[in-house]
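To start, the structure under review is shown below, and the notes come after it.
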Amino acid sequence: MIDGGATGPESFAFDAGGGGPYTGVSDGRILRWDGGGVGWVEYATPFGYLREECEGSRNPEKENVCGRPLGLRFDERTGDLYIADAYLGLLVVGHGGGTASPLVGEAGGVALRFTNSVEVDQESGVVYFTDSSRRFQRRDFISSIITGDDTGRLLKYDPQTGQTSVLLDGFAFPNGLSLTKDGSSLLISETTTCRVLKYSLSGDPPAASPEVFTGLPGFPDNIRRSQRGGHWVAIHMKRGKLLRFLLSMMPWTWVVVERFPNMFLRLQWFYSMLGRWRGHALALRLGEDGEILEVLGGGGRLRVLSEVDERNGTLWIGSVMVPFVGVYKL
C-alpha cells in the first residue's frame, strides 16, 4: 500500500514518458506520484477551485463545490490530460498541469449530470466519455442502481472541431471505458446490469447499439487494457442474494433509501445491508473474447475496487472508499 496523500483514488493515468501514476482524489485535485522519496504532489486543480474550503476534504457533500475527478486519460501526443469530473463535466489540463479548463458541460442539449470515465484514441485524438445518469449525481449513485435508472449515455468529443455528440443513450449506469487493442471498438462497463458491453466504432455510421461482451459476478467499475493482453475489470462489489432481493423489492427499497438525508448515511445503510465489509476485493482480467484469463482477489484493507491499472509488471489498485493506493507486483 501507498498510504497518505491520496484519498479516494478512483482512476489512474500515466503520461507518455511513463511518469505517474496520476490520480484524482476526494478533494477535487489531481495528484502525481513522484516516487517514494517525494510521494504525491499536486498536478492540477479544477477551474475556480476553493482551496481553503476544499483541500483535504473527504466530505461527499462538498463534491459539487470542490469537484470530484473520476476517469483520467492522457493524449500522449499533446500531453493534455482529460478529466471526467463527476460534477464539473469533461475538463482538460495542458502539459505540466495547473488549472483544468472546462471542455464539455452538455451534450445533445442535456447537461452532464454524472461524468464518469474517459478514453482517448491515441491516433485520432478523439475523446470518448460516459455520463452515467441524467437523473442522479455521483452522491446518489446507489439510488441510480437501486431504481434501475437507464438514462446513461456514451459521448464523443472531437478536439479538432470542438464538437460533442451522443453516440448511445439508454444505458443502466455506463461506467468504465476502454478501447480494444485494434481501436475498432469500445468496451463499456454497465454497472447496474453487471456486464461489459462492446460497441463497434467502425463503419459509417457506427453501430446503432452495443453487444454484450460478457456477464460478471458483480458490479463493474473501471476497465483498463492490460499490457499482457485483454482488459482488467475492477468489481466494485459482488452481486449476492440479498442485493437481488433488494432490487426485486422496488419501489419499496427506494423509499427506504430516500429517507437518509445524505450520501454518507445512504452508503452506510447500503453496505451494511449487503454485508459488504465482510467481502473482499475482486478484479478480473478478461481476454479479447470476454473469457476470464486471471482473477485477482484478497481481503485485507482493499474491499471495494474502482480500478486496476497494469504498468510494467505492477498493478496499481484504486478505490473511492480508502485513503491510499494499492500496489501489487505480478
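Here the sequence shown stands for residues 1 to 330, numbered as in full-length UniProt numbering.
By construction, the Cβ of each residue, glycine as well, lies at the ideal position given by its N, Cα and C atoms.
Please report how far the alpha carbon of residue i lies from the alpha carbon of residue j, in whole angstroms.
i    : j    : result
G290 : G230 : 8 Å
T151 : G170 : 5 Å
K198 : R58  : 35 Å
D34  : D204 : 43 Å
V93  : S101 : 6 Å
A172 : K238 : 17 Å
D182 : P46  : 33 Å
R189 : E63  : What sits at residue 189 in the sequence shown is Ser, not Arg. Whole-angstrom Cα-Cα distance: 23 Å.
P104 : G215 : In the sequence as displayed, the identity of residue 104 is Val instead of Pro. Answer to the nearest angstrom: the Cα atoms are 31 Å apart.
G56  : T7   : 9 Å
R224 : L72  : 11 Å
R113 : I235 : 23 Å
Could you check where the beta strand (DSSP E) with residue i kicks off and where it finishes?
i    : result
N175 : 174-179
N116 : 115-120
E76  : That residue, E76, is in no beta strand (DSSP E); it is neither H nor E in DSSP.
F129 : 127-131
F324 : 324-329
E291 : Element bounds for E291: n/a, residue is neither H nor E.
A283 : 281-286
H231 : 231-238
G85  : Looking at the sequence shown, residue 85 is not Gly but Asp. That run of the beta strand (DSSP E) goes 81-85.
Is it right to say residue i is buried, meaning 16 or more other beta carbons lie within 10 angstroms of its own, or is it exposed?
i    : result
H95  : exposed
E211 : exposed
L81  : buried
G20  : buried
E123 : exposed
E10  : buried
S144 : buried
R139 : buried
Excluding sequence positions up to five away, which residues of its chain have a Cβ less than 7 Å from the Cβ of residue i?
i    : result
V166 : A107, G108, R153, L155
A281 : G297, G298, L302, R303, L305
V110 : R134
I292 : L284, L286
D158 : V126
G313 : K329, L330
DSSP on residue i, reduced to helix/strand/coil?
i    : result
V65  : helix
P60  : helix
W252 : Because W252 sits at a pLDDT of 49, beneath the cut-off of 50, its placement in the model cannot be relied upon, and the following sentence gives the value as read from the coordinates. It is helical.
D138 : First, the residue type needs correcting, since residue 138 is Arg and not Asp in the sequence shown. Note: R138 maps to helix in three-state DSSP.
T314 : strand
T23  : strand
T192 : coil
T45  : strand
S200 : strand
T214 : strand
T147 : helix
Could you give the residue range of the alpha helix (DSSP H) that holds residue i?
i   : result
E53 : 51-54
Report all residues from its chain with a CB closer than 6 Å to the CB of residue i; omit the five preceding and five following residues, and keep chain order.
i    : result
W252 : Note on W252: pLDDT 49, under 50, position unreliable in the model; no value is reported.
G97  : Y43, A44
G5   : G39, W40
D15  : F74
Could you pull out every residue in the same chain whose Cβ sits closer than 8 Å to the Cβ of residue i, ignoring the five residues on either side in sequence?
i    : result
Y49  : G28, R29, C66, G67, T99
S185 : L179, K198, Y199, S200, L201, S202
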